[in-house]
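Peer 1: So the protein sequences, as listed, match chains L and Z. All residue numbers in the first sequence are consecutive under the numbering used here, ending with 241. All residue numbers in the second sequence are consecutive under the numbering used here, ending with 1108. Here it is, the structure in full.
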Amino acid sequence: MEKDLPLTLTDYDREMWKEVLKDCLPLSAGIIPFGLTCGILGSNAGFSTFEITFMSMTVFAGAAQFMAIAMISSGITGWAAIVLTTFLINLRHLLMGASLSPYLLKLPRPLQYILAFGIVDESYALTINRIEKKGYNLNYHLGVCSFLYVIWNLSTFLGAFFYRVIPNPLEWGIDFALPATFMVLLIPRLADRTSLIVCLVSASCAIWGALFLPGKWYIILAAVSAAFVGGMLERGKRDEH
Amino acid sequence: MNIKLMSIILGMAVATYITRIGSQVLFARTGMPGWLEKWLKHVPTAFLTALIVPALLLPKGYLDISLGNSYLLAGVVAAFTAYKTRSVLTTIVLGMGVMIILNRLMPF
């Protein structure tokens, strides 16, 4: 691990920002269409520009926001129903938080709380990838989270503000930038047999779960069962030595 | 401003934050148990796979393994490019290129 001291304004790190931008910009191509769509759908469902932007600023979780908008526009407006569904959809954050915990728990509490707020699929993927390549870096983690936060809110706002004039950006398939980026992060990881098996188990569980489970449960199912299989395989391997 | 809507949004915000901070709160005193840390090592691979595969095979919510599924075709191109180049930019440009050609220029 690198010995980075907590960020102060004086050790503002130009190189680090370059790295953050280099990693975040391609992902943004996939996030912006979703943010715009969130703004557009929210406006269609009767949210004001302020309300839908406020939702992006405080919730900061795309899937749950889309779900809430869909529920509200189909007439389900119960507080408990929407909040509970949000909780269930976002349970996968627990897993990401646990995976980042070894690094987060070494930081001062306030930083932990701020970085926890920044946990989304994309920031997690980038941060964990950097940890394995070059080690954990606080400035990088903070940079990625804040960059993605700004992008998400800005695109929600623009979508809501211009919703009458812009076409649905998801119809173009621009959201393909997300799986494409994740692929570049995933493929180098598949260098040994255990990782390949983890990937195959996860893929099958994800397909099954996406077909038969509601919401984002397929991610939780796939991640838990595949990581379990990986852990078991590794234990078997160690016993042989 | 709609009070009911705002209270729903705030409820969602709190519920989501609980899922994000949960692991830190849980392990703050005890630290992460060793067995869990070993197990969590495979979470990134599993997680990335779970994000990618349904996005390509079920882009519209149902299993679509056909030449009409532009996400799948672009995904195959992107996987090959990612394997060969390890470059996000090249992978996105080629993948998106295939995507746009299929979506905009093909008759289906």
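From the three backbone atoms N, C-alpha and C, an ideal C-beta is built for every residue, glycine too.
Identify which residue in Z:G1011, Z:T1045 and Z:E1037 has its Cα closest to the Cα of L:A203.
Peer 2: Nearest option by C-alpha distance: Z:T1045.
Peer 1: Which stretch, first to last residue, makes up the alpha helix (DSSP H) that contains L:D192?
Peer 2: Run containing L:D192: none; DSSP gives neither H nor E here.
Peer 1: Kindly list the residues whose CB is nearer than 8 Å to the CB of Z:I1065, restricted to its own chain and excluding five residues on each side of it in sequence; keep chain order.
Peer 2: Contacts found: L1057 and L1072.
Peer 1: Which term fits L:F157, buried or exposed, when burial requires 16 or more other beta carbons within 10 angstroms of its beta carbon?
Peer 2: Under this definition L:F157 is a buried residue.
Peer 1: Just the chain Z side, please: which residues come within less than 8 Å of L:F182 by C-beta, in chain order?
Peer 2: By Cβ distance, chain Z contributes L1048, L1051 and I1052.
Peer 1: Would Z:T1091 and L:A227 be called neighbours here (beta carbons separated by less than 8 Å)?
Peer 2: Going by C-beta atoms, Z:T1091 is not nearer than 8 Å to L:A227.
Peer 1: Taking the alpha-carbon of Z:A1013 as reference, which of L:V59, L:V184 and L:R164 has the nearest alpha-carbon?
Peer 2: Among L:V59, L:V184 and L:R164, the Cα nearest to that of Z:A1013 is on L:V59.
Peer 1: Residues of chain L with a CB under 9 Å from the CB of Z:N1069: which are they?
Peer 2: Those within 9 Å of Z:N1069 in chain L number zero; the least Cβ separation is about 11 Å.
Peer 1: Against chain Z, with Cβ distances strictly below 8 Å, would L:G230 count as a contact?
Peer 2: Yes, L:G230 counts as interfacial toward chain Z.
Peer 1: Just to confirm before moving on: does the CB-CB distance between L:N153 and L:T53 stay below 8 Å?
Peer 2: Taking 8 Å as the Cβ cut-off, L:N153 and L:T53 qualify as a contacting pair.
Peer 1: Give me the chain L residues within the contact set of Z:I1092, using Cβ-Cβ distance strictly less than 7 Å, ordered along the chain.
Peer 2: Per Cβ cutoff of 7 Å: P26, A29, A177, A180 and T181.
Peer 1: Evaluate Z:W1039 with the Cβ neighbour count: other Cβ atoms within 10 Å of its Cβ, from every protein chain shown; 16 or more gives buried, anything less gives exposed.
Peer 2: The residue is buried, with at least 16 neighbouring Cβ atoms inside 10 Å.
Peer 1: First and last residue of the alpha helix (DSSP H) that includes L:M55?
Peer 2: T49 to T58 is the extent of the alpha helix (DSSP H) around L:M55.
Peer 1: Do you know offhand how far L:S73's Cα is from L:L105's?
Peer 2: Their backbone Cα atoms lie some 40 Å apart in a straight line.
Peer 1: My parser needs the alpha helix (DSSP H) runs of 4 or more residues fully inside the region 119 to 158 of chain L; what are they?
Peer 2: Whole alpha helix (DSSP H) segments, 4+ residues: 121 to 134.
Peer 1: Please list the segments of the beta strand (DSSP E) lying wholly inside the region 1075 to 1103 of chain Z, counting only runs of 3 or more residues, in order along the chain.
Peer 2: None, since the region 1075 to 1103 of chain Z contains no complete beta strand (DSSP E) of that length.
Peer 1: Which residue marks the beginning of the alpha helix (DSSP H) containing Z:K1038, and which one marks its end?
Peer 2: Run containing Z:K1038: G1034 to L1040, per the alpha helix (DSSP H) assignment.
Peer 1: Compute the distance between the beta-carbons of L:V229 and L:V201, then report whether it is under 8 Å.
Peer 2: Yes, the pair counts as a contact, with Cβ atoms nearer than the cut-off.
Peer 1: Pull up the distance between the alpha-carbon of L:D121 and that of Z:I1101, whole angstroms please.
Peer 2: Going by the C-alpha atoms only, they are around 28 Å apart.
Peer 1: In the DSSP assignment, find the alpha helix (DSSP H) that holds L:T86 and state where it starts and stops.
Peer 2: Run containing L:T86: W79 to I89, per the alpha helix (DSSP H) assignment.
Peer 1: When burial is assigned at 16 or more other CB atoms within 10 Å of the CB, is L:N44 buried or exposed?
Peer 2: So L:N44 counts as exposed.
Peer 1: If you compare alpha carbons, which of Z:I1021, Z:G1011 and Z:P1054 is closest to L:P110?
Peer 2: Out of Z:I1021, Z:G1011 and Z:P1054, Z:I1021 has the C-alpha closest to the C-alpha of L:P110.
Peer 1: Buried or exposed for Z:I1003, going by 16 or more other Cβ atoms inside 10 Å?
Peer 2: That one is exposed.
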